[in-house]
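Below: one structure, written as structure tokens.
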Amino acid sequence: MNTAELYEFPVKPEQPRMADLDDGYTKLANELLESLSCCNLTARQFRVMLALIRKTYGFGKKNDRIADSQLADISGLSRQNVNKAKKELISMNYIVKDGNRIGVNKEVSAWKSQLRDSVSNLETKKVSKLETNDVSSLETHKRNTLKIKENINPTSENSDESSDPPKSKFVSVRPDAAVSSPKGNQWGTADDLKAAQWIYCKVQIICPSAQEPTWHGWANDIRLMRQIDGRTHEEICRLFQWANKDPFWCSNVLCPAKLREKWGTLVIQSQQPGRAQRGAAPEQPVDWNTAESWEGFL
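Next up, the structure:
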């Protein structure tokens with residue numbers, strides 16, 4: 001009678017995974033990373049954002065055609081959860097769409113926060129329909145009751161639908177608004193828009209590849225500086241021109257929102273005698289709204 005012998009082969013120890021720049025790296029602006037680290041996102045939304053950054057900036061791209069399955073492979077989420085989180089991030093302006101392409105919205109001032117426990121009416125309807133199929137009347141009643149409790153005073157900020165009274169669903173167009181967001185919460189006058197375009201023209205001197213901004217957002221920031229902070233268009237453009245010529249601030253103040261944020265510091269430093277500017281010869285104070293200023297731009 002033959003007997004078989006059992007041989008135990010040594011198990012190869014699992015090699016630890018180490019992160020190494022030689023395996024690739026992602027170039028990311030510190031401002032974007034800092035804003036992302038303090039934003040109020042759910043765990044799923046945050047994982048989708050990181051996966052999107054990997055699939056775009058990780059390949060040196062601002063946006064790309066990225067399937068939900070690709071984000072699911074990186075984030076470890078299901079495609080359904082990826083799709084849901086992606087739609088939420090788009091509505092919150094964290095993700096921007098350009099046709100079939102998606103990418104991270106670099107205009108971090110346009111990101112919208114959310115109430116973590118809020119649920120949009122659209123998603124609530126989908127979940128309600130899904131849960132009430134093939135269940136008893138008692139369970140249906142319990143779930144519908146729970147849905148009603150959860151929808152008390154919901155937020156409509158991050159949803160295309162609103163549970164507010166019908167009159168609040170429609171935003172009247174302001175008569176002096178030359179540009180406005182779809183919801184009407186961001187807008188600016190013709191002069192606000194013109195100043196925003198003037199600033200963008202100056203930004204292109206520093207960064208010729210600068211992406212065209214969201215005009216209603218830029219115009220809105222300029223309007224807020226006028227109406228809330230008490231600045232004039234001339235003061236706004238003059239200070240931006242100074243920052244645009246400063247060796248340090250020229251690459252750090254590239255939009256009206258950042259100008260407004262750093263206004264106090266910029267005013268103090270602009271008044272310091274002998275502070276070097278990029279231009280060799282001093283220029284006359286900027287007159288932003290003249291034909292000469294717009295020559296070659298319009």
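1 is the number that full-length UniProt numbering gives to position 1 of the sequence shown; each next residue is one higher, with no gaps. Each residue gets a CB set at the ideal place from its N, CA and C atoms; glycine is no exception.
C-beta atoms of I95 and V104 nearer than 8 angstroms: yes
Inter-stretch contact at 8 angstroms, needing at least 3 Cβ pairs: the segment 200-210 / the segment 221-232: no
According to DSSP, residues forming a beta bridge with W187: S180
Coil, strand or helix - D246 by DSSP: coil
Status (buried if at least 16 other CB within 10 Å, exposed otherwise) for E88: buried
Close-in-space but distant-in-sequence residues of the same chain around W269 (CB under 7 angstroms, 5 per side omitted): Going by the sequence as given, residue 269 is Gln instead of Trp. The residues are R275.
Whole-angstrom distance between M49 and S37, CA atom to CA atom: 11 angstroms
Spatially closest choice to I66 from D73, G76, S75, K55, by CA coordinates: K55
Test item: CB-CB of C255 and P213 under 8 angstroms: yes
Identified DSSP bridge partners for R101: D98
Close beta carbons around K97, own chain, < 7 angstroms, minus the five adjacent residues each side: I90
Closest Cα partner of I102 within the set Q70, P16, Q241: Q70
Closest Cα partner of T26 within the set Q15, F46, K62: K62
Supposed close pair K106, N93 - CB separation, criterion 8 angstroms: Not quite, the Cβ-Cβ distance comes to about 11 angstroms (not below 8 angstroms), so this is no contact.
Rounded C-alpha distance that separates N252 from W263: 12 angstroms
Residues near S181 in its chain [Cβ-Cβ closer than 6 angstroms; skip 5 each side]: H216
Buried versus exposed call for N30 [16 or more other C-beta atoms within 10 Å across all chains shown]: exposed
Pairwise C-alpha distance: R223 and D176: 12 angstroms
Straight-line gap, F59 to L41 (C-alpha atoms, nearest Å): 24 angstroms
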